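Data block below; observations after.
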Amino acid sequence: MTAHRTRPLRVRSVGTALGRVDGTEKVTGRATYAADHADGVPGDVLHLWLVQSTIAKGRVVEVRPEHALSHPGVVDVIDHTSAPRLVDTENGELAILQDAAVGFRGQIIALVLAETAEAAREGAALVEVSYEAAAHEAELREDNATYRPDSVNPDLETDTFQGDVDAALREADVVVEQTYRTAYEHNNPLEPHATIAWWGEVDGRATLSMFDSTQGVHGVVASLVPMLGVEPDQIRVRAPYVGGGFGSKGEPHAHVMAAALAARTTNGRPVRLAVTRQQMFSLTGYRTATISRFRLGARSDGTLTAIAHDVLEQSSVVREFAEQTASPTRMMYAAPNRRTTHRLARLDVAVPSWMRAPGEMPGMFAHEVAMDELAVACGVDPIVLRERNEPDLDPETGKPFNNRRLLDCLHRGAERFGWDARPREARTQTDGDWWVGTGVAAATYPAMKTPGNLARVRSLEGGGYAVAIGCVDIGTGARTVLTQIAADALGVEADAVDLSIADTRLPSASVAGGSSGTSSWGSAIVAAAQLFRDDHGASPDPGVETTASAEDDPAAESHAFHSFGAVFAETRVHRWTGEIRVPRLLGVYSVGRVINPVTARSQFLGGLVMGLSAGLFEESYRDSRFGHVVTQDLASYHVASHADVLDVDAEWLEEADEIFTPMGSRGVGEIGIVGTAAAVANATYHATGIRRRSIPLTPDQFLDDPGT
Amino acid sequence: MDSQITLSVNGTSRSLTVDSRTTLLDALRERLGVTEVKKGCDHGQCGSCTVLLDGRRELACLALAVARDGVEVVTADGLAHDGLHAVQQAFLDHDGYQCGYCTPGQVCSAVGMLEEVKDGHPSHVTTDLEADVELTDDEVRERMSGNLCRCGAYAGILAAVRQAAGA
Chain A
1 MTAHRTRPLR
11 VRSVGTALGR
21 VDGTEKVTGR
31 ATYAADHADG
41 VPGDVLHLWL
51 VQSTIAKGRV
61 VEVRPEHALS
71 HPGVVDVIDH
81 TSAPRLVDTE
91 NGELAILQDA
101 AVGFRGQIIA
111 LVLAETAEAA
121 REGAALVEVS
131 YEAAAHEAEL
141 REDNATYRPD
151 SVNPDLETDT
161 FQGDVDAALR
171 EADVVVEQTY
181 RTAYEHNNPL
191 EPHATIAWWG
201 EVDGRATLSM
211 FDSTQGVHGV
221 VASLVPMLGV
231 EPDQIRVRAP
241 YVGGGFGSKG
251 EPHAHVMAAA
261 LAARTTNGRP
271 VRLAVTRQQM
281 FSLTGYRTAT
291 ISRFRLGARS
301 DGTLTAIAHD
311 VLEQSSVVRE
321 FAEQTASPTR
331 MMYAAPNRRT
341 THRLARLDVA
351 VPSWMRAPGE
361 MPGMFAHEVA
371 MDELAVACGV
381 DPIVLRERNE
391 PDLDPETGKP
401 FNNRRLLDCL
411 HRGAERFGWD
421 ARPREARTQT
431 DGDWWVGTGV
441 AAATYPAMKT
451 PGNLARVRSL
461 EGGGYAVAIG
471 CVDIGTGART
481 VLTQIAADAL
491 GVEADAVDLS
501 IADTRLPSAS
511 VAGGSSGTSS
521 WGSAIVAAAQ
531 LFRDDHGASP
541 DPGVETTASA
551 EDDPAAESHA
561 FHSFGAVFAE
571 TRVHRWTGEI
581 RVPRLLGVYS
591 VGRVINPVTA
601 RSQFLGGLVM
611 GLSAGLFEES
621 YRDSRFGHVV
631 TQDLASYHVA
641 SHADVLDVDA
651 EWLEEADEIF
661 TPMGSRGVGE
671 IGIVGTAAAV
681 ANATYHATGI
691 RRRSIPLTPD
701 QFLDDPGT
Chain B
1001 MDSQITLSVN
1011 GTSRSLTVDS
1021 RTTLLDALRE
1031 RLGVTEVKKG
1041 CDHGQCGSCT
1051 VLLDGRRELA
1061 CLALAVARDG
1071 VEVVTADGLA
1081 HDGLHAVQQA
1091 FLDHDGYQCG
1101 YCTPGQVCSA
1111 VGMLEEVKDG
1121 HPSHVTTDLE
1131 ADVELTDDEV
1141 RERMSGNLCR
1151 CGAYAGILAA
1161 VRQAAGA
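Chains as they are written, first to last, in this note's numbering: chain A, 1 to 708; chain B, 1001 to 1167.
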């Protein structure tokens, strides 16, 4: 393996609308997701069902399996007294069944194995558990005991300070000081998490094989290896098709360990665990609710002098996850005096984790509604306000941005959306019984690459090339765009590339997350392909191969890399019912070069739809008396349905960022969700004159007439 | 309690023994290995398991297998018996999907829905109950709202259904 300094790609297939290479499998249903696998699984599976705690804090006194074991088909009940021991229990989320402690309601406290799924489910209901309950705390309030985490996700500073915010606010002509809230949200990919696991033996060493619904097969191995006390080559994970993840499959959650432990007890018989939709609400991650206190100080023309963003959010006693909600505030707008802080309440609740654009999504909701309030307070158009606060250098690092084109996005969007026709005053437009308004918000997302990626290129008989990297396509189009990248890097047609992904036997790949996948994996593929050509020429013998990783361009050190966007929304709010409709939603993005206009557009539209959904519908309602989410299905946790989504469109600026990646791309997965809820909220203000500072925006919030 | 039933799956007669608790969805997936029918919620809330039962779109998770002895099941894969169905081709043409998990259900739902429109079934947004249904964007959105797509591919699905309706 060699690290190779890549050269910019000569694009031919990249930038064209190659159809998804796995489209036929998907529209026929032949694509096999984790729970679908029968081929390659040795023998009939045993079905695994989870028994979950019904208290939020305390300890399990006794698990009585007798009734369950007497149910026909039930094979075994495993609890903390009988589960295989883990070598390392530092990851409190994954270290299940190692002791009697209960850290949240819904925690896995026993496993039932049975010959059929029906028997396993019934068996789980028949397991009797007694507890010693303790008082718990499950509600995020403004007065919880909090602490300062050492860092925030993924490894960012907890707090930042520049200048003197308090003095600047005292001297400011205009001050906006408000608190903004975002709700608990659950990722809810349509494919529930599932794992098939079996243990075997090779050369006297135990081996664990899995089909898992994951955003990163190598990440699953990395998480399990220290806990199970095995070497990486003793675990194989495959994920040929994954039905969405949105962060919830970014790291293995407790159910993966449940499958691994249960399978350890079955003498090699495979175990299948299909997590239910309801169980996903306590076991597979979610976005914490956030409370953002924003203070903006400005001169009368709207030029910012101070930006302060103090975040309160929650984590779990079982494992810390600190959402980086104030992170975008550090680089978005110019101001000499700045402050960002994060404080966590550590509650007796399920473990929060990544959800699409962690940090940027809730943080930019707060920031962009605050900016809209400042625009109103200064009597300045919201786009003009952003022009006046455009920084020359990245305010956080002092480095120049590589191609910061926020204003281009705003101006292009304004032109397409017809922004100039917008009345300056709120609550001035009606259509029948509907108040009508428009709003805008900015979007941003950091360009990220993850280290540790390797790709392999091998020449085949007949002039084709096998390209291999162990990444996962969760629906993003990775299979398709990596085929295009490989084709251009090798200088061949796309159909000459035979791409293999999603298996830990392939070269190591990072998680499909942080909008970093294509940048990270694609760079490795370009490195391997270019080195292959350097070493083996244009007409290689079949069977020669090169494995390589990509070395960063040293110029990257001296720049700040971020994508930008502008989101425009039109809303209608019904005068008598408060119903909110969004007839138009438009996003314009600057993301470097778009590898495939079809799959990128679908990523943008999908992000916009998820942002709209967060803005209007999504709220996981936790009953703090019991500590669990009561809206734990798709009838009570509302995600946008087809009828909720009207005219949604996206476009992007033509550009290439060749310092960041040889493809010139920066990533497209998350930016669509950023700023979208703020644009909708700002448009509801413009429609009604009623300013709401929390999402979801619901009809009841718009029934009060501000004139009374 | 177990019962013997027979299902016609994509034209092939399949006999099987089912537990009375077994849903049609689990019978297809677990007993018969018909995994192109996907399970998204098991509660009739997402539409991923939509199949055509005796020609009508239904949610396989809300049907008990023992109660549907003799039913004719057509899945998304079954629609592609002679190359892709026009609806499937339209989903490809308009990228009406991303992860693909809800897609077999969306496809079956669209096929069933277009038949309902042809038969003159009104929907919640149909204004004239006497006239033939005009397949507007709002009609498609309303009629396809039983099939959630978390990837948010609704714009592509709308375009695909409109293309297929004109085919």
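Glycine included, C-beta positions come from ideal geometry on N, C-alpha and C.
On a predicted model such as this, the values are computed, not experimentally measured, just so you know.
### Query
Which value, in whole angstroms, describes the spacing of the CA atoms of A/Asp88 and A/His411?
As a first step, residue 88 of chain A is located in the first sequence; it is residue number 88 there, counting from the start. As a first step, residue 411 of chain A is located in the first sequence; it is residue number 411 there, counting from the start. For A/Asp88 and A/His411, the distance between alpha carbons rounds to 54 angstroms.
### Message
Tell me the rounded alpha-carbon separation between B/Glu1115 and B/Leu1052.
### Response
Position 115 of the second sequence holds residue 1115 of chain B. Position 52 of the second sequence holds residue 1052 of chain B. In a straight line, the C-alpha of B/Glu1115 is about 11 angstroms away from that of B/Leu1052.
#### Entry: Residue-chain proximity (B/Val1073, chain A), Cβ-Cβ < 8 angstroms
Taking the second sequence and counting its residues from 1, one reaches residue 1073 of chain B at position 73. No, no contact with chain A.
### Query
When Cβ atoms are compared, which residues of the region 6–32 of chain A fall closer than 8 angstroms to chain B?
Gly19, Arg20, Asp22, Gly23, Thr24, Glu25, Lys26, Val27, Thr28, Gly29, Arg30, Ala31 and Thr32
### Message
Quick check on B/Ser1048 - is its C-beta less than 8 angstroms from some C-beta in chain A?
### Response
For the purposes of this step, residue 1048 of chain B is identified with residue 48 of the second sequence, where counting begins at 1. Yes, because at least one Cβ of chain A sits closer than 8 angstroms to the Cβ of B/Ser1048.
### Query
Of the residues A/Ala357, A/Ala442, A/Arg346 and A/Gly437, which one's Cα is nearest the Cα of A/Tyr333?
Counted from its first residue, the first sequence places residue 333 of chain A at position 333. When only C-alpha atoms are compared, the closest one is A/Ala442.
#### Entry: Pair within 8 angstroms by beta-carbon distance, A/Lys249 and A/His193
Position 249 of the first sequence, counted from the first residue, corresponds to residue 249 of chain A. Position 193 of the first sequence, counted from the first residue, corresponds to residue 193 of chain A. Yes, the Cβ-Cβ distance between A/Lys249 and A/His193 is below 8 angstroms.
### Query
Taking 8 angstroms as the CB-CB limit, is A/Met610 close to chain B?
In the first sequence, residue 610 of chain A corresponds to position 610, counting from 1. Cβ-Cβ to chain B under 8 angstroms: yes for A/Met610.
### Message
Closer than 7 angstroms between beta carbons: that is the criterion. Which residues of the region 463–475 of chain A meet it against chain B?
### Response
Ile474 and Gly475
### Query
Going straight from the alpha carbon of A/Asn389 to that of A/Ala335, what length do you get?
What you label residue 389 of chain A is simply residue 389 of the first sequence in a count that begins at 1. What you label residue 335 of chain A is simply residue 335 of the first sequence in a count that begins at 1. Going by the C-alpha atoms only, they are around 8 angstroms apart.
#### Entry: Every unbroken alpha helix (DSSP H) within the region 665–698 of chain A, with a cutoff of 4 residues, ordered by chain
676–688
### Task
Could you check what DSSP says for A/Asp79 in three-state terms: helix, strand or coil?
Start at 1 with the first residue of the first sequence, and residue 79 of chain A comes out as number 79. Three-state result, A/Asp79: strand.
### Query
Starting from A/Pro446 and walking both ways along the beta strand (DSSP E), at which residues does that stretch end?
Position 446 of the first sequence, counted from the first residue, corresponds to residue 446 of chain A. From DSSP, the beta strand (DSSP E) with A/Pro446 extends over Trp434 to Pro446.
### Task
Pull out every residue of the region 1132–1146 of chain B whose Cβ sits closer than 7 angstroms to any Cβ of chain A, in chain order.
Arg1141, Glu1142, Met1144 and Ser1145
#### Entry: Partners in chain A for B/Ala1080, counting only beta-carbon separations shorter than 7 angstroms
Residue 1080 of chain B sits at position 80 when you count from the first residue of the second sequence. Within 7 angstroms Cβ-Cβ: Thr28.
### Message
Tell me the rounded alpha-carbon separation between A/Ala183 and A/Thr571.
### Response
Numbered from its first residue, the first sequence carries residue 183 of chain A at position 183. Numbered from its first residue, the first sequence carries residue 571 of chain A at position 571. The alpha-carbon atoms of A/Ala183 and A/Thr571 are separated by roughly 21 angstroms.
### Query
Roughly how many whole angstroms lie between the Cα atoms of A/Gln178 and A/Thr329?
As a working mapping, residue 178 of chain A is identified with position 178 in the first sequence. As a working mapping, residue 329 of chain A is identified with position 329 in the first sequence. Cα to Cα, A/Gln178 sits roughly 15 angstroms from A/Thr329.
### Message
Check for me: the beta strand (DSSP E) holding A/Arg5 runs from which residue to which?
### Response
Here residue 5 of chain A refers to the residue found at position 5 when the first sequence is read from its first residue. That run of the beta strand (DSSP E) goes Thr2 to Arg5.
### Query
Looking at A/His628 and A/Gly106, is the spacing between their C-beta atoms short of 8 angstroms?
Along the first sequence, one-based indexing puts residue 106 of chain A at 106. Along the first sequence, one-based indexing puts residue 628 of chain A at 628. Taking 8 angstroms as the Cβ cut-off, A/Gly106 and A/His628 qualify as a contacting pair.
### Expected contact under 8 angstroms - CB spacing of B/Leu1092 and A/Val27 to nearest Å
The count along the second sequence starts at 1 and reaches residue 1092 of chain B at position 92. The count along the first sequence starts at 1 and reaches residue 27 of chain A at position 27. That pair is a contact at about 6 angstroms.
### Task
Compare the C-beta of B/Asp1026 against all C-beta atoms of chain A and say whether one is closer than 8 angstroms.
Residue numbering aside, residue 1026 of chain B sits at position 26 when the second sequence is read from its first letter. Yes, B/Asp1026 lies at the interface with chain A (some Cβ there is under 8 angstroms from its Cβ).
### Query
Between B/Leu1024 and the rest of its own chain, which residues show a CB-CB distance below 6 angstroms, the 5 nearest in sequence each way excluded?
Residue 1024 of chain B sits at position 24 when you count from the first residue of the second sequence. Around B/Leu1024: Ala1060, Ala1063, Ala1065 and Arg1068.
### Query
Comparing alpha-carbon positions, which option in A/Asp431, A/Cys409, A/Asn337 and A/Asp301 lies nearest A/Gly376?
Your numbering for residue 376 of chain A matches position 376 in the first sequence. The question names Gly, but residue 376 of chain A is Val in the sequence shown. Answer by Cα proximity: A/Asp301.
### Message
Determine whether the beta carbon atoms of A/Arg416 and A/Thr438 lie at a separation below 8 angstroms.
### Response
As a working mapping, residue 416 of chain A is identified with position 416 in the first sequence. As a working mapping, residue 438 of chain A is identified with position 438 in the first sequence. Contact flag unset, no.
### Query
Hey, is B/Ala1155's beta-carbon within less than 8 angstroms of any beta-carbon in chain A?
For the purposes of this step, residue 1155 of chain B is taken as residue 155 along the second sequence, with counting starting at 1. It does: the Cβ of B/Ala1155 has a partner Cβ on chain A nearer than 8 angstroms.
### B/Thr1103 at chain A interface by Cβ criterion, 8 angstroms
Taking the second sequence and counting its residues from 1, the one referred to as residue 1103 of chain B is at position 103. So yes, B/Thr1103 belongs to the interface.
### Query
How about A/Val45 and A/Arg272: do their beta carbons lie closer than 8 angstroms?
Counting from 1 along the first sequence, the entry for residue 45 of chain A is found at position 45. Counting from 1 along the first sequence, the entry for residue 272 of chain A is found at position 272. Yes. Within cutoff.
### Task
Identify, in the order they occur along the chain, each residue of the same chain with its Cβ nearer than 8 angstroms to the Cβ of A/Thr708, setting aside the five sequence neighbours on each side.
The residue labelled residue 708 of chain A in the question sits at position 708 within the first sequence. Annotation note: pLDDT 43 at A/Thr708 (below 50); position unreliable, coordinate value reported separately. Around A/Thr708: no qualifying Cβ.
### Task
Using a cut-off of 8 angstroms between C-beta atoms, extract the partners of A/Asn188 located in chain B.
To locate residue 188 of chain A, count along the first sequence from 1; it is residue 188. Ordered by position in chain B, the residues that pass the 8 angstroms Cβ test against A/Asn188 are Arg1150.
### Task
Could you name each continuous beta strand (DSSP E) segment of 3 residues or more that falls completely within the region 149–197 of chain A, going from the start of the chain to the end?
160–162 and 174–182
### Chain-ordered neighbours of A/Ala276 on chain B, where CB pairs are closer than 7 angstroms
The count along the first sequence starts at 1 and reaches residue 276 of chain A at position 276. Note that residue 276 of chain A corresponds to Thr in the displayed sequence, not to Ala. Result: Asp1042.
### Query
Apart from the five residues on each side of it in sequence, which residues of its chain come closer than 7 angstroms, Cβ to Cβ, to A/Ala298?
The sequence position of residue 298 of chain A within the first sequence is 298, counting from 1. Cβ neighbours of A/Ala298 beyond the five flanking positions: Ala172, Asp173, Val174, Leu304, Thr305, Leu374 and Cys378.
### Task
State the start and end residues of the unbroken alpha helix (DSSP H) segment that holds A/Ser315.
Here residue 315 of chain A is taken as the residue at index 315 of the first sequence, counted from 1. Not the alpha helix (DSSP H): A/Ser315 falls in the beta strand (DSSP E), residues Leu304 to Ser316.
### Query
For the putative contact between A/Gly592 and A/Gly672, defined by C-beta atoms under 8 angstroms, what is the C-beta separation to the nearest angstrom?
Indexing the first sequence from 1 puts residue 592 of chain A at position 592. Indexing the first sequence from 1 puts residue 672 of chain A at position 672. Not a contact, Cβ separation roughly 15 angstroms.
### Query
Straight-line CA distance for B/Val1009 to B/Thr1035?
Taking the first residue of the second sequence as 1, we reach residue 1009 of chain B at position 9. Taking the first residue of the second sequence as 1, we reach residue 1035 of chain B at position 35. For B/Val1009 and B/Thr1035, the distance between alpha carbons rounds to 12 angstroms.
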